[in-house]
Amino acid sequence: MKFLDLCNERFSLRDYQNKPVEKEKIEKVLEAARLAPSAVNFQPWVFLVVQTPDGRSRVIESYKRDWIQSAPCFVVAFANRQESWKRKVDMKDFADVDLSIAIEHICLQATELGLGTCWVCNFDPATLKSNFNVPEHLEPIAIIPLGYPSENGGVSKAIKNRKQLSEIVKWETL
Ligand SMILES: Cc1cc2nc3c(=O)[nH]c(=O)nc-3n(C[C@H](O)[C@H](O)[C@H](O)COP(=O)(O)O)c2cc1C
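Numbering (the working numbering), first residue to last: 1 to 174.
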């Protein structure tokens with residue numbers, strides 16, 4: 001798929017088929033995350049794959065929405081704050097930026113494979129951390145449900161509700 005077509009095709013899928021995702025496809029989306037750039041190439045991330053009924057219910061407990069229950073697989077993306085680059089001049093931590101790039105690689109690669117995803121950040125981090133005994137230095141950044149689109153959910157949202165370029169791009173001066 002051409003890159004802009006891929007960007008158009010990716011959308012937030014909130015209705016999944018009750019069908020497991022093949023291991024090779026999960027590995028492929030994780031490979032896309034692995035290849036993502038990161039500040040100073042520190043790669044401050046960990047990706048937890050959850051597919052079992054018990055694991056899925058522990059994820060869902062942190063984000064209680066009906067739609068998410070249909071997802072057969074979750075990738076939970078964690079930032080490792082011990083490994084992330086901090087800018088010396090102001091100690092700004094770039095873990096969130098690094099994780100965002102890797103997570104979007106996952107979403108775009110999944111789209112190319114005919115899979116749907118949705119960024120989910122509005123979960124309860126304390127619940128997620130306690131349900132998976134997450135060590136202190138790892139911060140859950142996003143839950144990414146992964147699966148095949150259901151018949152209804154799979155309707156392509158190719159026409160995106162986005163600001164126009166003229167609203168968001170300034171040339172030479174702000
Ligand atoms: C950082 C981030 C956090 C998000 N968190 C949630 C979330 O908690 N729940 C949800 O349903 N969608 C969430 N979304 C999805 C956005 O609502 C969605 O990307 C946006 O409305 C644009 O729609 P599209 O993804 O279909 O193009 C999140 C997206 C981003 C980038």
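Yeah, the Cβ is synthetic: ideal placement off N, Cα and C, and Gly gets one too. Treat the numbers as computed from the prediction; the structure is a model and nothing was measured.
Under 7 Å between C-beta atoms of residue i and residue j
i, j, result
"residue 128", "residue 84", "no"
"residue 77", "residue 47", "yes"
"residue 58", "residue 131", "yes"
"residue 150", "residue 15", "yes"
"residue 6", "residue 112", "yes"
"residue 49", "residue 56", "no"
Inter-residue spacing [alpha-carbon to alpha-carbon] between residue i and residue j
i, j, result
"residue 82", "residue 135", "11 Å"
"residue 1", "residue 9", "10 Å"
"residue 138", "residue 12", "25 Å"
"residue 165", "residue 106", "25 Å"
"residue 167", "residue 52", "45 Å"
"residue 101", "residue 36", "6 Å"
"residue 31", "residue 69", "25 Å"
"residue 17", "residue 95", "33 Å"
"residue 125", "residue 60", "12 Å"
"residue 54", "residue 133", "14 Å"
"residue 33", "residue 169", "28 Å"
"residue 104", "residue 173", "29 Å"
"residue 152", "residue 64", "21 Å"
"residue 171", "residue 120", "33 Å"
"residue 163", "residue 86", "32 Å"
8 Å contact criterion, which residue i and residue j should meet: CB distance rounded
i, j, result
"residue 140", "residue 98", "Contact doesn't hold; Cβ gap of about 14 Å is too wide."
"residue 28", "residue 109", "6 Å"
Residue i in three-state terms, based on DSSP
i, result
"residue 66", "coil"
"residue 44", "coil"
"residue 7", "helix"
"residue 125", "helix"
"residue 118", "coil"
Chain C contact for residue i (CB, 7 Å cutoff)
i, result
"residue 152", "Among the chains of the structure shown, chain C does not appear; only one protein chain is present."
Open item on the list: Tell me whether the region 130 to 146 and the region 67 to 79 touch, counting them as touching only if at least three CB pairs, one residue from each stretch, are closer than 8 Å.
Closed with: yes
Task: Three-pair Cβ contact test at 8 Å for the region 37 to 52 versus the region 111 to 123 - done: no
TODO: Could you tell me whether the region 15 to 28 touches the region 88 to 102, where touching means 3 or more Cβ pairs closer than 8 Å?
DONE: no
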